[in-house]
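Undergrad: Please read through the structure below; I'll follow up with questions.
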Amino acid sequence: MYEGVDTVILNNELAYQDVLPVAFKPLARPMDAAAVAALTDRNVRMLQVCAVLEEQGALEKKDESSPHAADVLRLEVKVNLLLDLVGQLLAAQVPRPVPALVRFNALGALWKSSNPPRVGQQGLLEIWLRDSLPQPLALIANVTHVAADGHVKANLVPPGEATADLLEKLAFRRHRRQVAGSRQPRRPGNETAITRILR
């Protein structure tokens, strides 16, 4: 049965797709093992934080009957608002690339660039997943195709098991939210549980 949601695939694997700030920074030479290890650690920490931030609203689904559920949800909404405001301040202080449609997983990436790299070029593909995160996800990419319209395809250097697992979970959570959103009937007046609680 068709659910009204297209599964986002790249290299025969589930992929994450969104309009996000994305940049490709060419590498003059391959990164040494210590630099790759530091990059991997940073990516793992950043993806773990991103996963925690995406858990918002989980309490509402688990136990609405709890006497403190509404209070906890209100606090969670306020913390998320603060994180968004901090993200806006960070984005204003540190310029980010223009957002573009990007699709990626642990195997590869597709994005559009106004200044595309050359085929065969290796570099860091930087993707800012959330405004509230001070650093981008940085993946080592080898450019395999550049279309005339600026669409770029790259294979990723294997990012390590932990990073690959977190990227897979990121893509799965996005896909699961899209499927759930397509199945959920709209509430009267577009009211959500959060808007009911904040009234």
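So that you can map any letter, position 176 of the sequence shown is 159 in our numbering, and since no number is skipped, the others follow by simple counting.
Ideal placement from N, C-alpha and C gives every residue a C-beta, glycine not left out.
Decide yes or no for the touch test of the region -4 to 15 against the region 72 to 92: beta carbon pairs closer than 8 Å, at least 3 of them.
TA: A contact exists between the region -4 to 15 and the region 72 to 92.
Undergrad: If distances are taken between C-alpha atoms only, which option among 21, 80, 75 and 101 comes closest to residue 4?
TA: Answer by Cα proximity: 80.
Undergrad: Measuring only the C-alpha atoms, how far is residue 23 from residue 143?
TA: Looking at the two C-alpha atoms, the distance is approximately 7 Å.
Undergrad: When you compare the CB positions of residue 126 and residue 94, do they come within less than 8 Å of one another, or not?
TA: No, the Cβ-Cβ distance between residue 126 and residue 94 is not below 8 Å.
Undergrad: What residue ranges within the region -2 to 39 form continuous beta strand (DSSP E) runs of no fewer than 3 residues, ordered along the chain?
TA: You should have -1 to 9.
Undergrad: Suppose you measure from the CA of residue -8 to the CA of residue 0; what does that come to, to the nearest Å?
TA: So the alpha carbons of these two residues sit roughly 9 Å apart.
Undergrad: What are the start and end residues of the alpha helix (DSSP H) that includes residue 70?
TA: Residues 52 to 76.
Undergrad: In angstroms, rounded to a whole number, what distance separates the CA positions of residue 122 and residue 78?
TA: So the two alpha carbons sit approximately 20 Å from each other.
Undergrad: With 16 other CB atoms within 10 Å as the buried threshold, where does residue 115 fall?
TA: Residue 115 is buried by the Cβ-count criterion.
Undergrad: According to the Cβ coordinates, are residue 133 and residue 99 closer than 8 Å?
TA: Taking 8 Å as the Cβ cut-off, residue 133 and residue 99 qualify as a contacting pair.
Undergrad: Give the range of the beta strand (DSSP E) segment to which residue 111 is assigned.
TA: Looking at the DSSP string, residue 111 is not in any beta strand (DSSP E), and its letter there is neither H nor E.
Undergrad: Among the residues of its own chain, which have a CB less than 8 Å from the CB of residue 71, if the five just before and after it don't count?
TA: So the list reads 114, once near-sequence residues are dropped.
Undergrad: Is the beta carbon of residue 106 less than 8 Å from the beta carbon of residue 7?
TA: Result yes, Cβ atoms of residue 106 and residue 7 sit closer than 8 Å.
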